[in-house]
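Structure, as structure tokens:
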């Protein structure tokens, strides 16, 4: 027959863990008044400033008085167009002109091609 196993006494740590916890004692808890803790001051983020935009007054020559901006430009152009020409400069005008020629060529070529396609019918 099989030998019977004798029970092994538990380790002291296991015995303490298995023991029921002691009943809580009725000690009064002291009331703590909450103190206002100073919040850490957040460093203010730098405010974003936009790029300065060119105003029509800034684009007028220094000799021009403020009333002259409302009149037509030197060649009879509206002041908005004169300011745009000053902003673009020579290279900008060349680019705008080339884009205009290219678009005109494309639309003109498409128009001729569509006319020929209509004539074939």
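In the working numbering, the protein residues as written are 1470 to 1590. Ideal placement from N, C-alpha and C gives every residue a C-beta, glycine not left out.
Over what stretch of residues does the alpha helix (DSSP H) that includes residue i continue unbroken?
i	result
residue 1585	1548–1588
Roughly how many angstroms separate the alpha carbons of residue i and residue j, rounded to a whole number?
i	j	result
residue 1577	residue 1570	10 angstroms
residue 1548	residue 1554	10 angstroms
residue 1581	residue 1518	51 angstroms
residue 1572	residue 1583	16 angstroms
residue 1550	residue 1575	26 angstroms
residue 1586	residue 1552	44 angstroms
residue 1566	residue 1558	12 angstroms
residue 1560	residue 1546	20 angstroms
residue 1589	residue 1579	16 angstroms
residue 1568	residue 1516	39 angstroms
residue 1500	residue 1473	59 angstroms
residue 1556	residue 1562	10 angstroms
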